[in-house]
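Per our numbering, residue 18 is the first one in the sequence shown, and the count goes up by one each step.
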Amino acid sequence: MNIKDIVEGLNIRGAANIGKIISDEEIAWFFEDLKIKKQEDIDAFGVETLKANFSLETLSDLGRFAGKYYDLIANEKINEVVNAALNDKAVIHSYNAIILDKADKSGMVGHGFHRDMPWFPNCRTSIIVMIPLLDYNSQNGSTQYVPGTHAHKDMPALEFLENNALSTSGKAGEAFVIDSTTWHRAGENTSGKPRPMIVIKYTLAPFKQQIEFYLSNPEIETAEPLVKQRLGWNVRVPHNYLENRNWNQETRKFKSGQYDMSNTYFK
Numbered sequence: 018m019n020i021k022d023i024v025e026g027l028n029i030r031g032a033a034n035i036g037k038i039i040s041d042e043e044i045a046w047f048f049e050d051l052k053i054k055k056q057e058d059i060d061a062f063g064v065e066t067l068k069a070n071f072s073l074e075t076l077s078d079l080g081r082f083a084g085k086y087y088d089l090i091a092n093e094k095i096n097e098v099v100n101a102a103l104n105d106k107a108v109i110h111s112y113n114a115i116i117l118d119k120a121d122k123s124g125m126v127g128h129g130f131h132r133d134m135p136w137f138p139n140c141r142t143s144i145i146v147m148i149p150l151l152d153y154n155s156q157n158g159s160t161q162y163v164p165g166t167h168a169h170k171d172m173p174a175l176e177f178l179e180n181n182a183l184s185t186s187g188k189a190g191e192a193f194v195i196d197s198t199t200w201h202r203a204g205e206n207t208s209g210k211p212r213p214m215i216v217i218k219y220t221l222a223p224f225k226q227q228i229e230f231y232l233s234n235p236e237i238e239t240a241e242p243l244v245k246q247r248l249g250w251n252v253r254v255p256h257n258y259l260e261n262r263n264w265n266q267e268t269r270k271f272k273s274g275q276y277d278m279s280n281t282y283f284k
């Protein structure tokens with residue numbers, strides 16, 4: 018893994034290959050575990066309800082399962098990329114699995130071209146790390162992105178996006194990272210088999226997380242410091258002014274130094 022090339026790729030193309038970041042044993046474990054947990058999700062909510070609410074493909078808040086999902090948050094290669102592309106204060110905005118299956122799908126926004134963050138000039142505020150659990154290519158719905166679109170405020174013409182989209186490809190466990198403002202979409206899975214992928218979106222620390230992970234993750238207080246920090250432990254919002262006047266950096270919720278923009282300006 019060449020971290021300089023990854024950051025350059027993000028700066029210029031808005032995307033980069035990271036390379037293999039988890040072992041074959043981990044790939045197999047996540048593959049089977051997510052299959053079980055997604056079926057439990059379907060059993061609990063029902064296919065039609067999930068489809069109607071654009072959630073059939075998604076398994077949300079993987080951190081609530083702790084264990085190996087916490088180990089993935091602590092993955093050395095992922096954190097090297099996050100620290101270089103954002104900084105060491107960055108937090109997880111969302112931690113999900115996306116399981117594409119042509120046999121049944123919802124109207125999830127990811128099927129159309131979109132970006133996952135508001136656009137800010139000359140800086141990067143968020144990245145998305147995608148970890149496929151199968152070999153991925155255009156046949157099984159790999160992510161398509163349009164290089165360089167992270168550098169522009171407005172959405173390009175749909176015809177331009179269609180004509181210039183590139184399909185990602187690689188082996189299972191080979192991660193891919195994009196700037197969250199790069200225009201992209203999920204490809205069409207025509208393989209006849211589900212295609213599972215773990216997707217971790219990181220933002221600069223002050224940005225609001227999708228879920229209050231410190232409340233939804235029952236094992237967070239005993240997690241290692243890096244895992245707690247990435248899940249937003251250091252940017253918890255005080256309930257009132259008295260909590261905000263806890264000036265002890267060890268025990269206060271929103272800790273000092275979180276408004277960090279280092280590494281994010283790229284032009």
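Note that the Cβ used here is the ideal one computed from N, Cα and C, for glycine as well. Keep in mind it's a predicted model, so treat the numbers as computed, not measured.
Consult DSSP for residue i and reduce its assignment to one of helix, strand or coil.
i	result
K284	Residue placement at K284 cannot be trusted, given a pLDDT of 49 that sits under 50; the coordinates are not used to answer.
K94	helix
Y112	strand
V254	coil
L259	helix
L27	helix
Going by the beta-carbon positions, is the gap between residue i and residue j smaller than 8 Å?
i	j	result
K170	I116	no
A102	N251	no
D22	A33	yes
Q161	L183	yes
A69	I215	no
E93	I20	no
H167	D133	no
A222	Q275	yes
I109	I217	yes
L76	V64	no
F83	E236	A quick correction: the sequence has Ala, not Phe, at residue 83. Contact: yes.
C140	Y282	yes
A189	P149	yes
I228	D78	yes
V163	L27	no
To the nearest angstrom, report how far apart residue i and residue j are at their CA atoms.
i	j	result
V80	Y112	According to the sequence displayed, residue 80 carries Gly and not Val. So the alpha carbons of these two residues sit roughly 7 Å apart.
V253	R247	The question names Val, yet the displayed sequence has Arg at residue 253. Spanning the two alpha carbons is a distance of roughly 12 Å.
N263	V99	29 Å
I144	M172	18 Å
K284	M278	Legend: pLDDT at K284 = 49, less than 50; position of this residue unreliable, no value from coordinates given.
E238	K245	7 Å
Q156	T198	25 Å
T66	D58	11 Å
R269	I90	23 Å
T142	T185	22 Å
A192	N257	41 Å
A203	S159	6 Å
K85	F271	27 Å
N234	E43	21 Å
K52	P211	10 Å
I95	F137	24 Å
D41	Y153	15 Å
V36	M147	For clarity, residue 36 is Gly in the given sequence; the question names Val instead. Cα to Cα, G36 sits roughly 11 Å from M147.
H131	H201	6 Å
F177	N261	49 Å
N180	E205	16 Å
S208	P255	48 Å
M18	L259	46 Å
D118	F48	14 Å
F71	K225	22 Å
E25	G249	27 Å
I29	N104	19 Å
G187	S273	40 Å
With residue i and residue j assumed to form a contact (beta carbons below 8 Å), what rounded beta-carbon distance in angstroms separates them?
i	j	result
G165	G31	6 Å
P242	L151	Not really, about 33 Å apart at Cβ, beyond 8 Å.
A107	T220	7 Å
Pick out the complete beta strand (DSSP E) segments inside the region 127–167, 3 residues or longer, and give them in chain order.
Qualifying beta strand (DSSP E) stretches, in chain order: 143–149.
Please list the segments of the alpha helix (DSSP H) lying wholly inside the region 164–248, counting only runs of 4 or more residues, in order along the chain.
Complete alpha helix (DSSP H) runs here, min 4: 175–181, 230–233 and 242–247.
At 4 residues or longer, and completely inside the region 31–95: list those alpha helix (DSSP H) runs for me, N to C.
List check, alpha helix (DSSP H) in window: 41–62, 64–69 and 85–90.
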